[in-house]
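Protein chains: 2
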Amino acid sequence: MMKAEDHLFLDESVVEEVSKIFKALADPTRMKMLYLLSQEECHVGHIAEVLGMSQSAVSHQLALLRALRLVKYRREGKSLVYSCDDDHVISLLRQAIDHAQHP
Amino acid sequence: MMKAEDHLFLDESVVEEVSKIFKALADPTRMKMLYLLSQEECHVGHIAEVLGMSQSAVSHQLALLRALRLVKYRREGKSLVYSCDDDHVISLLRQAIDHAQHP
DNA sequence: TTAACATATGAGCATTTGTTCATATATGTG
DNA sequence: CACATATATGAACAAATGCTCATATGTTAA
Numbered sequence: 001m002m003k004a005e006d007h008l009f010l011d012e013s014v015v016e017e018v019s020k021i022f023k024a025l026a027d028p029t030r031m032k033m034l035y036l037l038s039q040e041e042c043h044v045g046h047i048a049e050v051l052g053m054s055q056s057a058v059s060h061q062l063a064l065l066r067a068l069r070l071v072k073y074r075r076e077g078k079s080l081v082y083s084c085d086d087d088h089v090i091s092l093l094r095q096a097i098d099h100a101q102h103p
Numbered sequence: 104m105m106k107a108e109d110h111l112f113l114d115e116s117v118v119e120e121v122s123k124i125f126k127a128l129a130d131p132t133r134m135k136m137l138y139l140l141s142q143e144e145c146h147v148g149h150i151a152e153v154l155g156m157s158q159s160a161v162s163h164q165l166a167l168l169r170a171l172r173l174v175k176y177r178r179e180g181k182s183l184v185y186s187c188d189d190d191h192v193i194s195l196l197r198q199a200i201d202h203a204q205h206p
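Residue numbers (our numbering), protein chains in the order written: chain A, 1 to 103; chain B, 104 to 206.
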C-alpha cells in the first residue's frame, strides 16, 4: 500500500474539467445530440424533430454544450446550424458506445 | 441534411449503458476513487483516508461502482481490498485526464 | 414596418444525486 | 462468548439537474 504522498494526484482543476466533460456525455439526450451532430451538421429544429424533444429543451442543452465548447454553430438564413467542435470528446463517446455494443 | 431514417441511431439500452458509465466517471469523488484504484488496490479505510472522505460516503460510492462492475473486491483479514475491474473504463478516464492536462 | 419564423433565455418545478447520521452485519481477538 | 474493528446499508436532506411554460431576441419576407 502506497503512502499518500506517493500517489499521482490530480489537480482539482483537472478533476473539474474532466467531470464537466463526462457530465455532458452522461445525459442520454445530450449523448444523442452529440452522436447526431457527429454524423451531420443540424439546425436546432432538426435536432428537436429527430430526437423528439421540444425546441426549448434542445436549445437549453445546446447552450450547455456550447459553454463547454463541444459544439459550434453558424447562421444559415433563419436557422442556426450546429456541429461538433471537439473531436477528442467524440472519440470518447464512440469508444464508450463500441464498448457497450460489444461487451 | 439526412432524413431521419438514414441516421445511425443508438439502441436505448446502449444509451442507458453508456450513460451509466459516464455518470460514474462524472462525479469528482468517484473519479478520484477510480483513479486511485487504478494505481493500487486499496481497502476501504485507505480510500477514505487518502481522499479525505467519510467511511460511509466511500462505501456508498463503492456500492455504486460495484453494481456497474467497475470495481471488484476480496477480503483480506478484517478489510475488503478493492481494485478496478474494467480496463476499458480506466482507459476512457485516462484519455479524458490526458486531454484536460494537455489542452 | 409589420408579421412570421427560428432560436434563446429565465423562472418554476419534479427528479436525481451525494452526503451525513445512525445502525446493521461480518470478521478477528482475548 | 463478548468486544473491537471494518464495512455496508437505510433514511433523510440539501444541492444539482433537466424539463416545461412563457417570453425575449434576432432574422427574413411582404
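Don't be surprised by glycine CBs; every beta carbon is placed ideally from N, CA and C.
In this text the structure is predicted, and so the values were computed from the model without any measurement.
Asked	Found
Residue-chain proximity (Ile97/A, chain B), Cβ-Cβ < 8 Å	yes
Under the three-state DSSP convention, the category Leu65/A falls into	helix
Three-state secondary structure assigned by DSSP to Glu115/B	helix
Leu51/A to Asp27/A span [Cα, whole Å]	14 Å
Identity of the residues DSSP links to Tyr73/A by a beta bridge	Tyr82/A
Candidates Cys84/A, Ser19/A, Ala57/A, of which the one nearest Arg133/B by Cα	Ser19/A
Integer-rounded CB distance, given that Ala48/A should sit under 8 Å from Ser54/A	7 Å
Arg74/A versus Leu80/A: straight-line alpha-carbon distance, rounded	6 Å
As assigned by DSSP and simplified to three states, the class of His146/B	strand
Start-to-end residues for the alpha helix (DSSP H) that takes in Asp130/B	Careful: Asp130/B lies outside any alpha helix (DSSP H) and carries neither H nor E.
Proximity test, Cβ basis, 8 Å: Met136/B and chain A	no
Chain A within 8 Å of Ser122/B, Cβ atoms only	yes
Interfacial residues, the stretch 178-191 of chain B to chain A, with Cβ spacing under 7 Å	His191
Boundaries (first-last residue) of the alpha helix (DSSP H) holding Ser91/A	87-101
Coarse secondary structure for His7/A, derived from DSSP in three states	coil
Buried versus exposed, by CB contacts within 10 Å (16 or more), Ala67/A	exposed
Simplified DSSP state of Ser54/A, which is helix, strand or coil	coil
Partners in chain B for Gln61/A, counting only beta-carbon separations shorter than 7 Å	What Gln61/A touches in chain B: nothing, since even the nearest Cβ is about 14 Å away.
Candidates Gly77/A, Lys32/A, Leu93/A, Asp87/A, of which the one nearest Pro206/B by Cα	Asp87/A
Between the CA atoms of Gly180/B and Leu34/A - distance to the nearest angstrom	47 Å
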